[in-house]
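Colleague: Right, I'll just put the structure down here and ask away after.
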Amino acid sequence: MGIGRNLSEKKGRELCELREETNTNTNKSRKNRRHRLRKMTPGQRLFQTCNQVFASTGPGIVPSLQHIEMLLSVLGGIKQEDVGLRPDMPYFSTNNPRRTPKITYLHIYECQQFSMGIFCLPPSGVIPLHNHPGMTVFSKLLFGTMHIKSYDWVVDLPPHISTMVKQSETSQSSDIRLAKVKVDADFVAPCDPSILYPADGGNMHWFTAVTACAVLDVLGPPYSDPHGRHCSYYHNFPFSNYSVDGISIPEEERKTYEWLQEKEKPENLQVVVKMYSGPKIVEN
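Numbering (the working numbering), first residue to last: 32 to 315.
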């Protein structure tokens, strides 16, 4: 009995010591990781954080609240000079003000889990209303003033609602769904980064450049036609254009609802893809 008790106490002490050593090593590992992140360039820090945040996510799977806060914090600290951009660069000017300005997308990185890139918009540049199927999207306005309008689908409606919609005018309608306006406002840099989710937070949005501006985007996961995550574009119509039996919205709230109808990619949308040439990001 005495020998068994001594062995049990010894094993208990060894187990406690092992736990303490494991906790110490874990804390040291976390401190070392934070230290390494602090020593990195802002772009490298963002890349490493995205690797961590999106490692265990996928289509329709939102990162944990802790990971969301971590990525928003890193993204919020990035400035235009951190990615080598200035408003006087050719990306942000247009030679013909009568034509729809060309938009430049600076490709930084893409894998199956996430993508990073920067949209460069001259004044009056527009990224039309589009969706982000199954994605969690983080955006940071690096400089300039941009008008953002975003929507979420209204989901608590009868199934196959598009077949119930009757247009108040003479032309026929099809594939029309009701959406609620989430955001409709100007944003001026510097401002906090924004986030949209697969089913809410303004999953469908469009950008209009009030002045020359740049937007850093992180998508998790990225668009992928083979996996059904293709970019869809939409027309928007006032709520008063259509009526549906059984749907009643107070007059004062109707401006916050609009009908969206999918359309082909706009012919005047010109997006030129170029490789990012700012401070180097190492893919390790």
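Each residue gets a CB set at the ideal place from its N, CA and C atoms; glycine is no exception.
What is the C-beta distance between residue 258 and residue 181, in whole angstroms, given that I count them as a contact (C-beta under 8 Å)?
Modeller: Incorrect: roughly 24 Å between the Cβ atoms, too far for contact.
Colleague: Who are residue 135's beta bridge partners in DSSP?
Modeller: 151, 303
Colleague: Any contact of the segment 244–254 with the segment 144–152, i.e. 3+ C-beta pairs under 8 Å?
Modeller: With a cut-off of 8 Å on Cβ pairs, the segment 244–254 is in contact with the segment 144–152, counting three or more such pairs.
Colleague: When you compare the CB positions of residue 172 and residue 246, do they come within less than 8 Å of one another, or not?
Modeller: yes
Colleague: Taking the straight line between their C-alpha atoms, what separation do you get for residue 79 and residue 264?
Modeller: C-alpha separation (whole angstroms): 32 Å.
Colleague: Just the Cα atoms here: how many angstroms apart are residue 272 and residue 285?
Modeller: Annotation: residue 272 to residue 285 spans about 11 Å, alpha carbon to alpha carbon.
Colleague: Below 7 Å CB to CB, which residues in the same chain sit around residue 75 once its five sequence neighbours on both sides are set aside?
Modeller: 312, 313
Colleague: Can you give me the start and stop residues for the beta strand (DSSP E) that residue 159 sits inside?
Modeller: Unbroken beta strand (DSSP E) run through residue 159: 157–161.
Colleague: Which same chain residues, not among the five before or five after residue 309, have their C-beta less than 6 Å away from its C-beta?
Modeller: 114, 115
Colleague: For the beta strand (DSSP E) that residue 239 lies in, which residues bound it at each end?
Modeller: Residue 239 -> beta strand (DSSP E) spans 235–240.
Colleague: Please name the residue in 108, 159, 135 whose C-alpha comes closest to that of residue 239.
Modeller: Between residue 239 and the set 108, 159, 135, the nearest pair of CA atoms involves 159.
Colleague: Quick one, which of 306, 267, 223, 228 has its alpha-carbon nearest residue 88's?
Modeller: 228
Colleague: Provide the residue span of the alpha helix (DSSP H) that contains residue 104, from first to last.
Modeller: Bounds of the alpha helix (DSSP H) holding residue 104 are 96–107.
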